[in-house]
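Report on the structure given below.
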Amino acid sequence: MFGQMSSADCSGSLAQIWACLAAERRARIIRLLAQLAMNLVAAQSEWNTEELDHGSSSRCAQDPA
């Protein structure tokens with residue numbers, strides 16, 4: 021990913037490294053992070069749905085009425 025820059029050109033803070041990246045690479049990183057965030061939200065939503073389904077079915081099984 022950092023093939024075009026030398027370590028002497030960009031060493032230090034993340035802000036300095038980010039500034040040394042080509043705009044094309046920054047855009048790709050942003051897209052990948054956005055995709056990861058969407059996948060995380062989707063997975064959490066799925067987990068929450070599974071928890072609700074599991075919780076309601078276990079309550080019905082335990083209900084003596």
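This note's numbering applies: residue 21 is where the sequence shown begins, and numbers increase by one.
From the three backbone atoms N, C-alpha and C, an ideal C-beta is built for every residue, glycine too.
Task: Straight-line gap, I49 to E70 (C-alpha atoms, nearest Å) - done: Rounded to the nearest angstrom, the two C-alpha atoms are 31 Å apart.
Open item on the list: By the three-class DSSP mapping on this structure, what secondary structure does A57 have?
Closed with: Here A57 sits in helix by DSSP.
Task: Segment limits, alpha helix (DSSP H) that includes L34 - done: Run containing L34: L34 to C40, per the alpha helix (DSSP H) assignment.
TODO: Return the CA-CA distance between L34 and C40, expressed in angstroms with no decimal places.
DONE: Their Cα atoms are separated by approximately 10 Å.
TODO: Express the C-alpha separation of L52 and A42 in angstroms, rounding to a whole number.
DONE: Whole-angstrom Cα-Cα distance: 16 Å.
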